[in-house]
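In my numbering, the protein residues as written are 84 to 550. For every residue, glycine included, the Cβ atom is placed at its ideal position computed from N, Cα and C. Okay, structure first, notes after.
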């Protein structure tokens with residue numbers, strides 16, 4: 084098998100995260116037949132697919148999905164939005180939600196059994212909402228094909244350049260689609276250029292929309308370069324006149340001249356209102372700004388954090404009452420503030436300073452006086468904290484915990500940790516080190532925060548077994 088060759092086959096297995104396994108029989112020079120295992124992203128068990136080999140090294144092969152020739156028996160419904168198939172966002176739309184949950188649970192359990200043979204897996208909890216659950220979307224400006232009309236939406240599946248306009252996305256509230264259409268129409272009529280990722284020329288980069296589920300407050304951010312001077316006040320007036328169910332509380336103009344395709348701010352101008360909005364979780368109120376980390380499924384987050392709290396407090400002597408709790412990778416301090424009413428003190432560490440400022444304000448707003456939030460890299464900040472934790476909560480980014488930081492965390496020798504992971508493969512890697520250093524996996528449960536997609540959150544309770 085060589086790079087560039089095209090094959091057909093049946094998906095016989097699927098590993099996390101949605102890596103389909105296809106076996107291709109090949110006749111060798113000596114006449115013997117050999118089955119080669121090929122991993123192909125975005126396949127569903129039972130599908131017949133056509134794919135090209137894009138990686139072939141040392142007997143390991145990876146392929147790129149070109150076409151689904153025959154659907155799987157598991158696919159019992161049609162994709163519900165016009166962009167399905169072209170957009171790379173929601174590859175599980177053709178599966179019933181019950182089937183999606185079963186697939187995710189099986190994949191995570193199989194993955195974790197590779198590092199913990201007796202993993203105490205407690206299954207998966209579904210999202211309270213299967214549709215319209217996301218509270219944040221980053222839409223990209225571009226074109227659907229080279230030199231085509233202006234597009235605004237998501238990257239086309241398998242493409243770095245092409246953009247699919249997602250006017251009827253079903254995993255967000257309809258307010259998002261109304262805003263997207265208005266913004267796209269405005270800049271199309273004004274004939275404004277978009278930022279080309281190869282030439283690094285152009286103006287429009289991204290549209291960020293955040294909408295609170297509980298309060299309905301909307302924060303809209305237009306992200307551009309500084310290469311052109313485009314008046315935006317007319318757009319602001321049009322947005323404020325839209326027939327939305329929610330309420331726009333802020334419209335921002337974020338200027339970003341970075342060459343990288345990342346959403347960040349060099350400078351930010353408030354065009355209308357304020358640069359934050361409020362959301363409510365489990366009776367607490369949170370102030371959230373454009374770049375603050377906050378779980379993208381608000382109702383699902385209540386399930387996630389309730390489960391994490393249960394994992395922390397369900398074992399009697401290991402409850403957080405009267406203890407010092409470290410909340411590492413704390414974002415806007417959601418977990419810290421949930422534990423604060425029973426803990427002696429909670430210390431949160433988060434690298435995004437904007438999120439730390441919001442966490443401090445949130446704690447004050449919620450009347451919590453025993454929370455401390457520190458801005459900085461966990462790896463470095465741990466060396467500066469005088470207090471020693473009795474319990475640690477870990478909620479790292481997708482890549483997991485830096486090995487050196489994990490070693491420092493382990494060296495505290497706390498009896499109990501709870502690890503919340505949005506990427507089970509990173510979790511599995513970190514669990515290997517935690518188990519080698521004397522921690523036992525006591526409980527594991529998945530919470531589906533991302534219906535229609537391959538992603539899932541996993542919560543693990545760890546107890547120290549030796550000193």
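Own chain residues within Cβ distance below 7 Å of residue 205, not counting five before or after: 526, 527 and 528
Cross-strand partners of residue 170 (DSSP beta bridge): 167 and 239
Boundaries (first-last residue) of the alpha helix (DSSP H) holding residue 183: 180–196
DSSP state of residue 392 mapped onto helix, strand, coil: helix
Inter-residue spacing [alpha-carbon to alpha-carbon] between residue 316 and residue 487: Separation of residue 316 and residue 487 (C-alpha to C-alpha, rounded to the nearest whole angstrom) is 49 Å.
Status (buried if at least 16 other CB within 10 Å, exposed otherwise) for residue 220: buried
Euclidean distance between Cα positions of residue 344 and residue 545: 38 Å
Pair within 7 Å by beta-carbon distance, residue 93 and residue 135: Taking C-beta atoms as the reference points, residue 93 and residue 135 fail to come closer than 7 Å.
Any beta strand (DSSP E) of 3 or more consecutive residues that is wholly inside the stretch 297–378: 300–307, 330–338, 350–356, 359–364 and 367–372
4 or more residues per run - each alpha helix (DSSP H) lying fully within the stretch 429–460: 436–448
Exposure label - residue 324; buried when at least 16 CB within 10 Å: exposed
Run of the beta strand (DSSP E) containing residue 134, from where it starts to where it stops: Note, residue 134: beta strand (DSSP E), 131–140.
Among 113, 190, 122 and 127, the one whose alpha carbon lies nearest that of residue 531: 190
Closest Cα partner of residue 253 within the set 304, 269, 176 and 200: Minimum Cα distance to residue 253 is reached at 176.
7 Å Cβ cutoff met for residue 382 and residue 163: no
Meets three-Cβ-pair contact criterion under 8 Å: the stretch 234–242 and the stretch 192–206: no
Inter-residue spacing [alpha-carbon to alpha-carbon] between residue 257 and residue 215: 8 Å
Expected contact under 8 Å - CB spacing of residue 449 and residue 370 to nearest Å: That belief does not hold up - the Cβ atoms of residue 449 and residue 370 are roughly 10 Å apart, past 8 Å.
For residue 379 and residue 518, the rounded distance between their alpha carbons: CA-to-CA, the gap between residue 518 and residue 379 works out to about 30 Å.
Residue 227 and residue 245 closer than 7 Å at C-beta: yes
Candidates 273, 272 and 289, of which the one nearest residue 280 by Cα: Closest in alpha carbon position to residue 280, among 273, 272 and 289, is 289.
Where the alpha helix (DSSP H) containing residue 270 begins and where it ends: Its alpha helix (DSSP H) spans residues 257–272.
Burial state of residue 111 (16 or more Cβ within 10 Å): exposed
For residue 105 and residue 95, believed in contact at Cβ under 8 Å, the rounded distance: 7 Å
Exposure label - residue 504; buried when at least 16 CB within 10 Å: buried
Residue 493 - DSSP class collapsed to helix/strand/coil: helix
Rounded separation between residue 319 and residue 493 - CA only: Residue 319 and residue 493 have their C-alpha atoms spaced approximately 50 Å apart.
Inter-residue spacing [alpha-carbon to alpha-carbon] between residue 387 and residue 311: 44 Å
Local conformation of residue 225 per DSSP, three classes: strand
Short Cβ contact (7 Å threshold) for residue 269 with residue 276: no
Three-way DSSP call (helix, strand, coil) for residue 471 in this model: DSSP places residue 471 in coil when its eight states are reduced to three.
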